[in-house]
Every structure is written in C-alpha cells, then in structure tokens.
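Those sequence lines, one after another, are chains A and B.
All residue numbers for the first sequence refer to the numbering used here, where the first residue is 38 and numbers rise by one.
All residue numbers for the second sequence refer to the numbering used here, where the first residue is 296 and numbers rise by one.
Backbone N, C-alpha and C define an ideal beta-carbon position, used for all residues, glycine too.
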Amino acid sequence: MAKITVYRYDPDEGKEARLQEYGHEVKNGQTVLDVLLDIHYFQDPTLAFRRSCRSAICGSCGMSMNGRTGLSCNTQAKPLLERDGYLVVEPMKNMRVLKDLVVDMGDFWQNVYDVEPYLRPGGEPKGPYQVPKHAMDLLKIAQDCIMCGSCLSECTSREANPDYLGPAALAKAYRFVFDARDGAAEDRLRSYSEPNGIWDCDTCLYCNEVCPMHVKPMDAIMRMREKAIELGIPSQGARHALAFTATVLKTGKLNEFATVNKSLGFKGMVAQAPVAAKVFLRGKAPKIRKKPIEGHADVVKLNALVQRRRRMKGGRP
Amino acid sequence: MKYAYFPGCVGQDSCNELDVSTKLIAGELGLELVELKDATCSGAGFLQDVDYDLSLVLNARTFAMAEKMGLDILTVCSTCQFNLDRANRELKDDPAKLAEVNEMLAEIGMKYNGTVAVKHILWVLVDEVGLGTLRGRVKADLSDLNIASFYGCQLIRPGDLHTSDDPDRPQYFEKLIDALGGKPVDYDGRKKCCGFPISFVNPDAAMRMNAKNMVDAKEGGADLMATSCPLCHINLDIYQGTSEKVAGKRIDLPILHLPQLVGLALGIAPERLRVKRHAVSAKEVLKRIHRREDGHPVPTGGR
C-alpha cells in the first residue's frame, strides 16, 4: 500500500490548505490521474481536480507531481514512488488555487488573449494561401501547445513578476509572428518588446524542460528577440544584447565594462555607483579595455560570411 | 586526464578568482588543462539573441580548435556549458548544418568533424576524477559547514541535453559536497534562476529571484553557498546587498565558486584561492574549517 499525499483546499471551509494522505495500491501502468480517479471514486468523492481526455490531448490535468509540473494523465505513478519513495500531488504553481488541485487559469488565458492569438493577414488574400514546407517547419517548436499551463507553473520569471506574459502566451505569439500568412509581425514584435514581454524571459529553460508536448517556448522567445533586433525595434533587452555582441565582435571576447556602460547609459551607471564602489574595493572591477584574441581577424571574417549568406538567402525567415 | 580548457570571459575578468582556483585544483588533482586562449565568447545567450547563426559558427571554431588537439572541452561556467553544448549538439545532429558551417570555417582554414565533447568541471570531478579519489585527497575538515549548492539553470536544464544529471533531482553538486566532507543543504532554490539574464531588463524581478533563493538556502541552514556559474556568482555575491534591500531582510551568505570550495577542501590556502575578492566576506565561515592531521578527521564533538 503506497502513501499518496494530496494538497487539499476548500475555500468554503474557511481553513488553511493542508496535505492529506491516502493509502492506495498503485498498480503497474497506472498514471497519477488513474490514482486520483481511484481515490475520487472509492475513497473520497470530495477531492477536486480537472481532467477530460486522459490521453494528453486536452491539456486539462496539469499539476505538480513530486515538484515537477506535467500532465497527470501521462505521468506514471510507480516510477515516481520508486525514485523518491513518496508521491506528492499539488496544484500548479504561479496560479491561484480554487479548490484542491483546481487552479484559476484566468490570468493564463488573459495572457494568451493579450498577444492577439489570431491571424492578421494585412489585406485581402489574392487566392488560397500556399504555405511552403520550410515555412511550416519554423512553427514546429510552438504549434503543438495544448494550453495546459505546465510551463507557466514552473516559470521562474513569472514567479518573481506576475505581470510577465509567460511562456505559453509567448509561444502562441511566436506562432503568429512566424506564420507566413500573417502580415503584422513587426507590429506584434513592437508590442511584445514592451516591458513584461519577450525580454523578461530569464532563459531558465524550465518551460522547455517540462512541456509535455515538447514545445520549446524559450526557443520561440529567443527567435522573436532575434527578429525584433533585425527589425530595429528598440527595447532595453535589445540594447543590452547589442552592447554585448558589439564587444564580442570587437575583440572576440566579452568586455563586461563596455557592455554594462553601453547597456545602462550614463544615468544607469550613476545608479550603479554603490555596487561599482564595492566591486572596485574588492579589486573585482572588470578591465576597461580588452586585447583582441589572436584570431580576431577570423571572427571578423566569419561574421562577414554569415551576413553575406543571410543576404543571399534574402534575410532571416 | 587532459582537457582543452574554456575559461569563459567573466571567469578571467571580474571573476578571475574562478580561473585562478580552477588552475590550482587542476594541478592538485592531476587534471591537465590546455587553455583555449584563442577561443571566442560562447555568446552567453546574448549573442544568440542578436545572431544565432553567428554564435553557431564562432562556437564551431572553438570546437575545431579542441578537435585539432584531440581533446574534449572543459568549462567552469553553467552558461558557457549550455551555449557551447547546445551548438555542439546541433552540429552533431544536423549534418547539413555542419556542412554549411564547415564551408565558412574552410575560409579561415579550419574544419570541425563533430568529435568533441563539452563537459562542465562539476561532471568531470564526479564522473572522471571520481568521488573516491576526491575523498582521499581532502585535507581540511568541512564537517562543521552546511553548504548549499547553486547549479545555475543552464547546467541542469534541458535534461535531454545534459544527460548526466537529473533535472528534477540534480545530485552531482550534493555528491561533491559530501565527498569533500561538507553537509549539503536541500532547498528548492538550488535549481532555480539567479536572475542574472534579466538584471539589465527588469532588475527588481531579478533581485527578487536572487533574494528568494538565498533566503531559502539560509532557512535550510546554509552557512555557505557554492556555485558552478560565475554569472550566478555576480548576482549572488555582488548583488546580495541589493537583494537584501528588495527582500527586506539580512541574508549574509558567503558565496564561493565551485573550484574555490574544492580548493579549500584540498587544503589550499584561502588567499591563494582569492576568497577575499568576494563582496560578502567568508572570513567567519572559513574559521570553522579545521585542518585534518594525516588524513584523520578532527573530532567533531558529535556535531
């Protein structure tokens, strides 16, 4: 008999959330959802959780299982018990709990609406759209999203900043920026470059890691950043990345001082004075000038080659 | 054991104590390091934001240099590790991409065949030097210290790239701390983000993350934290004061680089490891490291 620990909260009880333990004989092949359904049917009908398809298609049953968010319908219970010696099922993180394992996904959906998740073709179509294969391939990293919320649950940037749009909404945004039929890429990227958009991702890779559908929200965000920079859309994030890159091209190596200086500007540097003082006192001040690496001419040549190839291909996709 | 050593830009500049301590412990442990002096920056994600293709070609150039020496690459930075390894994996998995990159490398007289592996020093210490060997070389008694690990996101995720550790339950750092004689601290923040990548975009959010992880570690009993990434180190150490203001509480947690911690355990003097360069002083904590006589642990008085 295995011990299954489940997060319980009922707002009508007027009590704090608690962890409840259930004894359950976990059979080979049972998913965490199977276990919850058994508990719900045979032990405790008051246990609340969302589920529908049981085949990892509907995206309803996202929850945290031994600390990692995923779909309970495609997560096997026994391997978790064997690995950790316990099974703790909790609601998704970064979302308000409504009851037991059911969370309020209102903000999640609002974020999706905020990126305008529909085609903006920009004019009347002249005929049927023919989307070539290479254009469809670009969308692979985003199109399988089933909106389960697992990525948002683990997003470290969202945890620190509730206004951040989050990985699922931005993966959806990517879906339209790189859609051959959409005509508003630049407009979209301008809006996504505002604070709490693409530049607020801290690249912690949790979203790529936990997505049950192998969507790569972080990769989608990176590609939108690159496109935004190509289109010259200004933002603090773009300014920093460009400052960084300029120093690498100049010597082959990063120049920390020049990057910070260029990224923050004079006013920003003044605000950093207390930190800078500490850095100087400890002898940790980065070098102001850096010597180019021996093969710096190679770097210049490779950069020219990359740019030439891109021009020949007619720019980025 | 011989490696092409990729020191990273920050590891040789504002955090040059990382480079110094890496070379010191390599000498002690018989790790031969051939420095990739002519390598470029890995891109750290920022170059990738501007021009991914360029980052791929520049990193391929680094791989070609290591390949020519017949050596695998050793990194000491979670961010370098991820950006190099991701590029390496892409080139290995996609022959068409590798061919395209090689066309450009040919213009500077180089070629990459896809035979190099990129490894972080944490993995090399655990898997290749070995925990048994490390245990046998420990000269200082760290048993009085609760030591929190801080991996840096990009050393543990994505799990399908870094196959050596478990992204949900990373254990390499804890195994290392245990082998060095310290007590690892279990806390959730060890696998989270220090906030560095958004420090220049949303400093408040970055500092909130940074503070939370350190407060978590302190509440878990940490006396000391060690990190495998110099960028995390910048935020955890230099920006600890700023984070304290955001969190509204005193943290006072000394942060070491992983090779500095190993060096202390091996009996290397803190001055040589340049522990004094850190913003948060480790002085008081270091007093609790005792010298071991002839390999016999100092009695711990039942602690």
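Asked, Found
"Report buried or exposed for A/Ala334, applying the criterion of at least 16 other Cβ atoms within 10 angstroms of its Cβ.", "exposed"
"Three-state secondary structure (DSSP) at A/Lys287?", "helix"
"On the three-state DSSP scale, how would you describe B/Glu566?", "coil"
"What ranges does the alpha helix (DSSP H) occupy inside the region 362-418 of chain B, keeping only unbroken runs of at least 4 residues that lie completely in it?", "373-388 and 390-401"
"Smallest Cα separation from B/Gly427: which of B/Asp473, B/Val315 and B/Asp436?", "B/Asp473"
"Kindly list the residues whose CB is nearer than 6 Å to the CB of B/Gly338, restricted to its own chain and excluding five residues on each side of it in sequence; keep chain order.", "Ser350 and Asn378"
"Give the straight-line distance between the Cα atoms of A/Glu62 and B/Cys489, rounded to the nearest whole angstrom.", "41 Å"
"Please list, in chain order, all residues of the same chain as B/Ala334 whose beta carbon is under 7 Å from its beta carbon, the five residues on each side excluded.", "Phe301, Thr357 and Met360"
"Is the separation between the beta-carbon of B/Leu440 and that of B/Val580 shorter than 8 Å?", "yes"
"Quick one: using the 10 Å Cβ neighbour count with 16 as the cut-off for buried, is A/Leu56 buried or exposed?", "exposed"
"Taking the alpha helix (DSSP H) that A/Tyr78 belongs to, which residues open and close that run?", "Val69 to Phe79"
"Show which residues of chain B have a CB atom less than 7 Å away from the CB atom of A/Met259.", "Gln343 and Asp344"
"Looking only at its own chain, which residues have a Cβ that is under 6 Å from the Cβ of A/Trp133, when we skip the five neighbours before and after it?", "Per the sequence shown, residue 133 of chain A should be read as Arg rather than Trp. Result list for A/Arg133: Asp141, in chain order."
"Have a look at B/Ile451 and A/Val343 and give me their C-alpha separation to the nearest angstrom.", "31 Å"
"Rounded to the nearest angstrom, how far is the Cβ of A/Ile183 from that of A/Gly96, given a contact under 8 Å?", "4 Å"
"For B/Ala435 and B/Ala560, which I take to be in contact (beta-carbon distance under 8 Å), what is that distance rounded to the nearest angstrom?", "5 Å"
"Under 8 Å, with one C-beta from each stretch per pair, do the region 186-200 of chain A and the region 493-505 of chain B reach the 3-pair mark?", "yes"
"Please check the pair B/Leu471 and B/Ala512, which I expect to be a contact at CB under 8 Å, by giving their CB distance rounded to whole angstroms.", "Actually they do not touch by this definition, with Cβ atoms about 16 Å apart."
"B/Met448 touches chain A at which residues, Cβ-Cβ below 9 Å?", "Note on residue identity: the sequence assigns Cys, not Met, to residue 448 of chain B. Under the 9 Å cutoff, chain A gives Thr193, Asp239, Thr240, Cys241, Leu242 and Tyr243."
"Cβ of B/Ser373 within 8 Å of Cβ of B/His415?", "yes"
"Check whether the Cβ of A/Asp151 lies closer than 8 Å to any Cβ atom in chain B.", "no"
"Give a yes or no on whether the C-beta atoms belonging to B/Thr317 and B/Val371 are separated by under 8 Å.", "yes"
"Looking at C-alpha atoms only, which residue of A/Phe213, A/Glu246, A/Asp81 and A/Ala217 is the closest neighbour of A/Arg225?", "A/Phe213"
"Round the Cβ separation of B/Leu319 and B/Ile563 to the nearest angstrom and send it over; I've been treating them as touching at under 8 Å.", "6 Å"
"Fully enclosed by the region 184-221 of chain A, which beta strand (DSSP E) runs are 3 residues long or longer?", "none"
"Any heavy atom of the ligand GDP closer than 7 Å to the beta-carbon of B/Ser350?", "What this structure holds is no ligand at all, so the ligand GDP is not there to describe."
"So, at 8 Å on beta carbons, what are the nonlocal neighbours of A/Asp121 in its own chain, with the 5 sequence-adjacent residues on each side left out?", "Asn103"
"In chain A, which residues lie with their C-beta within 8 Å of the C-beta of B/Pro462?", "Glu246"
"Using only alpha-carbon positions, find the residue among A/Arg157, A/Arg218, A/Val337 and A/Glu263 that is nearest to A/Gly352.", "A/Glu263"
"Which value, in whole angstroms, describes the spacing of the CA atoms of B/Gly484 and B/Gly425?", "26 Å"
"What does DSSP give as the partner residues of A/Tyr166 in its beta bridges?", "DSSP output for A/Tyr166 lists no bridge partner at all."
"According to a CB-to-CB cut-off of less than 9 Å, which residues of the region 305-333 of chain B neighbour chain A?", "Val305, Gln307, Asp308, Ser309, Cys310, Asn311, Glu312, Lys332 and Asp333"
"Using the beta-carbon of each residue, which ones in chain B are nearer than 7 Å to A/Asp107?", "The amino acid at residue 107 of chain A is misidentified as Asp; the sequence shows Gly. Residues of chain B passing the Cβ test: none, with the nearest at roughly 10 Å."
"With a cut-off of 8 Å, do at least 3 Cβ pairs link the region 196-205 of chain A to the region 227-235 of chain A?", "yes"
"Which residues in chain B sit within 8 Å of A/His277, going by Cβ to Cβ distance?", "Phe341, Phe495 and Val496"
"Which residues mark the beginning and the end of the alpha helix (DSSP H) in which A/His333 is found?", "His333 to Met349"
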